[in-house]
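Engineer:
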Amino acid sequence: MKFLLLILFLLAPAFGFSQKDFAKYYNSGQSSEEKGLRAKAVSYYLKAENTAKKSYEKNRVWKALADNYKALSDYNRAADYYSKLLTVYNGENRKKVILNLSDLWILTGQYQKVVDNLENMQDSPDENVRIINLSSAYARLGKFNEAVSFLDSVLSVKNNPHYKTALQNKGYILWAQNSFHAADSVLKIAVNLFDSA
């Protein structure tokens with residue numbers, strides 16, 4: 070019995086130390102991220118991932134790794150970590166992850182995945198992002214009318230925070246359709262709005 074208590078006593082600090090390691094690495098990752106040192110943040114977050122014991126710790130570090138890899142343009146690794154989050158998140162959090170993944174799918178040419186995941190998404194946590202990403206995917210699939218239709222729904226609200234981006238995207242789609250005069254007109258308005266911001 071004394072031997073068993075001695076083993077438990079010796080192991081207790083190791084478990085506590087691991088927990089302290091997670092906090093130390095995770096906090097160092099956050100500090101590096103706040104300073105704009107994304108690569109350094111990733112190195113700390115990877116150490117935090119290795120020491121994470123609880124599911125909420127893993128979720129936090131997976132989200133941080135996904136966001137930082139995305140900022141570093143390492144889209145495949147970012148997608149891997151967002152996909153891990155899909156295995157644990159439900160409801161609105163899951164939809165947020167899918168919206169983040171849709172950005173990556175557009176950047177990596179997986180346009181049909183964007184359509185398949187966003188087209189019928191109900192109660193999107195950011196409807197404007199859903200519409201703009203869906204429009205981008207449709208445009209890249211050559212479905213220009215559908216793409217413009219989605220953008221027009223964003224453009225129908227003048228004070229929409231995504232108005233300028235939607236206008237710019239519409240100009241590019243018109244250009245791709247060889248409607249150069251209309252594209253030029255729309256893009257000039259978009260440039261003026263971006264310059265005045």
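Under the working numbering, think of the first position of the sequence shown as 70, with each following residue one higher.
Don't be surprised by glycine CBs; every beta carbon is placed ideally from N, CA and C.
Keep in mind that this is a model prediction, so the values were computed, not measured.
Please report the distance separating the alpha-carbon of L115 from that of G98.
Structural biologist: Each residue's Cα considered, the two are about 9 Å apart.
Engineer: Going by beta carbon distance, what residues of the same chain come within less than 7 Å of A110, once the five residues before and after it are set aside?
Structural biologist: Here the set comprises G98, S101, E102, N137.
Engineer: Assign T120 to one of three DSSP states: helix, strand, or coil.
Structural biologist: Helix.
Engineer: Since I believe N169 is in contact with Y151 (beta carbons under 8 Å), could you give me their beta-carbon distance rounded to a whole number of angstroms?
Structural biologist: That belief holds up - the Cβ atoms of Y151 and N169 are roughly 5 Å apart, short of 8 Å.
Engineer: Expressed to the nearest angstrom, what Euclidean distance is found between the alpha-carbon atoms of I175 and K239?
Structural biologist: Rounded to whole angstroms, I175 to K239 spans 16 Å at the Cα level.
Engineer: Under three-state DSSP, which class holds D195?
Structural biologist: Looking at D195 - three-state DSSP - the assignment turns out to be coil, as it is neither helix nor strand.
Engineer: Alpha carbon to alpha carbon, what distance is there between L243 and Q237?
Structural biologist: Going from the Cα of Q237 to the Cα of L243 covers about 10 Å.
Engineer: Roughly how many angstroms lie between the CA atoms of L262 and S225, to the nearest whole one?
Structural biologist: About 16 Å.
Engineer: Taking only beta-carbon atoms, is Q237 less than 8 Å away from chain C?
Structural biologist: Reference to chain C is not applicable here, since this structure consists of a single protein chain.
Engineer: Give the C-beta separation of I200 and S222 to the nearest angstrom, bearing in mind that I take them to be a contact with Cβ-Cβ under 8 Å.
Structural biologist: The pair is a contact, with the Cβ atoms about 6 Å apart (cut-off 8 Å).
Engineer: Is there at least one non-hydrogen atom of the ligand NAD closer than 7 Å to the beta-carbon of D195?
Structural biologist: Questions concerning the ligand NAD fall outside what the structure shown contains, since it holds no ligand whatsoever.
Engineer: Less than 8 Å between the beta carbons of A148 and R107, yes or no?
Structural biologist: Not closer than 8 Å, so no.
Engineer: Go ahead and pull the three-state DSSP assignment for Y180.
Structural biologist: The answer is helix: DSSP assigns Y180 an H, G or I state.
Engineer: Taking C-beta to C-beta, are N197 and H231 nearer than 8 Å?
Structural biologist: Yes, these two residues count as a Cβ contact at 8 Å.
Engineer: List the endpoints of the continuous alpha helix (DSSP H) containing N214.
Structural biologist: Counting along the chain, the alpha helix (DSSP H) containing N214 begins and ends at 213-224.
Engineer: Which two residues bound the contiguous alpha helix (DSSP H) that contains S254?
Structural biologist: 249-265 is the span of the alpha helix (DSSP H), which, as asked, contains S254.
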